[in-house]
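S.K.: This is the structure I want to talk about, given as structure tokens.
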Amino acid sequence: MKKIFFIASAIVFSACGTNKNVAEVANTEDHAAKYAATITAKELGTHLFTYASDEFEGRNTGEPGQKKAIAYLKDFYISQGIASAIGGDDYFQEVPAEFLNKRKRQEPLKDSENVVAFIKGTEKPNEIVVISAHLDHEGIKNGKIYNGADDDGSGTVAILEIAQAFQMATKAGKGPKRSILFLHVTGEEKGLLGSQYYTENPIFPIANTVCDLNIDMIGRTDERHKSDPNYVYLIGSDKLSTELHKLSEEINKKYTNINLDYKYNDENDPNRFYYRSDHYNFAKFNVPIIFYFNGTHVDYHKPTDTPDKINYELLENRAKLVFHTAWQVANRENRIVADKAIK
Ligand SMILES: [Zn+2]
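For the sequence shown, the numbering used here assigns the number 63 to the initial residue and increments by one for each residue that follows.
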């Protein structure tokens, strides 16, 4: 299907262009598309069948399963030669129990960690594009493992594949102009705590943070889109930056052709999803954000949210949308402006 499409469009192009135009196209190879192609359903599946397996015990904040999850992420980044954002081989930003238990809890939480990997920009290294997803889930309850394959195993493995694509570009001398922070936050299910900790104790100044592209659940479909699963909900893209919203739409039209559903972007929507995942902690500081989300489904926050139920083709295309958006934000001439920032 894809191959036929590419051949067909190449013929159309050369038929209506002059020789010069064709030569120009050959010289300006679309690097973004080239590296996006390394994001595959197969590799996403390989990661997720491990990351959301019973072995990881539902990745409950501070518990042994969550420690296995962070070790998996760290091992991946090391295997790819992607640096830590902190330095050396320390990929963990400690989130102390003291912070996690500020709000009184029935069961106090133990120390936990955000995982932070980093690709340094080639031209504007001090400007940071954040791509985030939460690494934790609900753990084991009443003897049942909550695997959290969609929530948020899908966002987690999407980041791994996006990071790999950027790293391949970097190795080929096509690395992003701005820096990229791959931020896996803990404690989301306990109240967006890992992202709150990061934004209150940022590794790179918030003022230098260009945007946060946050992924939380992109591997499934909801009831509303049963008949046409090629969609994703975008939330918050126009809240702080007109440019980010426009760019996101253009990129989608050019590369991924997903039906961008803004239903939950409505201020009056009773679900208030804008306030319910980690991007909100960035938005609070006027950092432009986009939240990518597939909506809820029957397995949402149930032990039945398992990796066999993920639609990996969908996950691939949605991950590519995030990759292309990040690529554009990181490589464009001017930093996107938060023209709607609240003073
Ligand atoms: Zn989630």
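Note that beta-carbon positions come from the ideal geometry of N, C-alpha and C, so glycine has one too.
(1) For residue 151, does the count of other Cβ atoms within 10 angstroms reach 16, so buried, or fall short, so exposed?
(2) Leaving aside the five residues before and after residue 180 along the sequence, list all residues of the same chain whose C-beta is less than 8 Å from its C-beta, in chain order.
(3) So is the beta-carbon of residue 196 under 7 Å away from any non-hydrogen atom of ligand 1?
(4) Is residue 305 near ligand 2, in the sense that its beta carbon is under 7 Å from a heavy atom of that ligand?
(5) Measuring only the C-alpha atoms, how far is residue 171 from residue 164?
(6) Which residue from 167, 229, 219 and 184 puts its Cα closest to that of residue 132?
(7) Counting along the chain, where does the beta strand (DSSP E) carrying residue 307 start and finish?
(8) Verify the contact flag: residue 230, CB atom, against every heavy atom of ligand 1, threshold strictly below 7 Å.
(9) For a test of the three-state rule: what should DSSP assign to residue 275, helix, strand or coil?
(10) Across which residues does DSSP place residue 174 in a beta bridge pair?
(11) Would you mind working out which of 227, 305 and 127 sits nearest residue 202, comparing C-alpha positions?
(12) Should residue 401 be counted as a contact of ligand 1 given a C-beta to heavy atom distance under 7 Å?
(13) Take residue 347 and list the residues in its own chain whose beta-carbon comes closer than 7 Å to its own, dropping the five residues that flank it on each side.
(14) Are there 16 or more other CB atoms within 10 angstroms of the CB of residue 67, so buried, or fewer, so exposed?
(15) Whole angstroms are fine: how far does the CA of residue 186 sit from the CA of residue 395?
(16) Out of 230, 252 and 294, point me to the one whose CA is closest to residue 411's CA.
(17) Can you check which of these residues, 215, 160, 129 and 190, is closest to residue 176 by C-alpha distance?
(18) For the structure I just gave you, are there three or more beta carbon pairs, one from the region 379 to 386 and one from the region 87 to 107, closer than 8 Å?
(19) Is DSSP giving residue 389 helix, strand or coil here?
(20) My assumption, with CB atoms under 8 Å, is that residue 272 sits in contact with residue 190. Please give the rounded CB distance.
(21) Buried or exposed for residue 84, going by 16 or more other Cβ atoms inside 10 Å?
(22) Is residue 331 near ligand 1, judged by its Cβ being under 7 Å from some heavy atom?
(23) Pull up the distance between the alpha-carbon of residue 256 and that of residue 154, whole angstroms please.
(24) Measure the alpha-carbon distance for residue 197 versus residue 345 and round it to whole angstroms.
(25) Just list the beta strand (DSSP E) runs in the region 287 to 370, keeping only unbroken ones of 3 residues or longer that don't cross its boundaries, in chain order.
(26) Using C-beta distances below 7 Å, list every residue in its chain close to residue 156, excluding the 5 sequence neighbours before and after it, in chain order.
M.R.: In terms of the structure at hand:
(1) exposed
(2) 144, 145, 146, 147, 241, 242, 243 and 244
(3) yes
(4) Of the ligands this structure carries, namely ligand 1, none is ligand 2.
(5) 10 Å
(6) 219
(7) No beta strand (DSSP E) contains residue 307, which is instead part of the alpha helix (DSSP H) from 304 to 313.
(8) no
(9) strand
(10) 157
(11) 127
(12) no
(13) 261 and 268
(14) With a pLDDT of 39 at residue 67, under the threshold of 50, the predicted position of this residue should be treated as unreliable, though the coordinate-derived value follows. With fewer than 16 other Cβ atoms within 10 Å, it is exposed.
(15) 10 Å
(16) Lying outside 63 to 405, the shown extent of the chain, residue 411 is not represented and no answer is given.
(17) 129
(18) yes
(19) helix
(20) 6 Å
(21) Here residue 84 scores only 47 on pLDDT, less than 50, and its place in the model should not be relied on; the value that follows carries that caveat. It counts as exposed.
(22) no
(23) 12 Å
(24) 20 Å
(25) 293 to 297, 321 to 323 and 351 to 355
(26) 173 and 175
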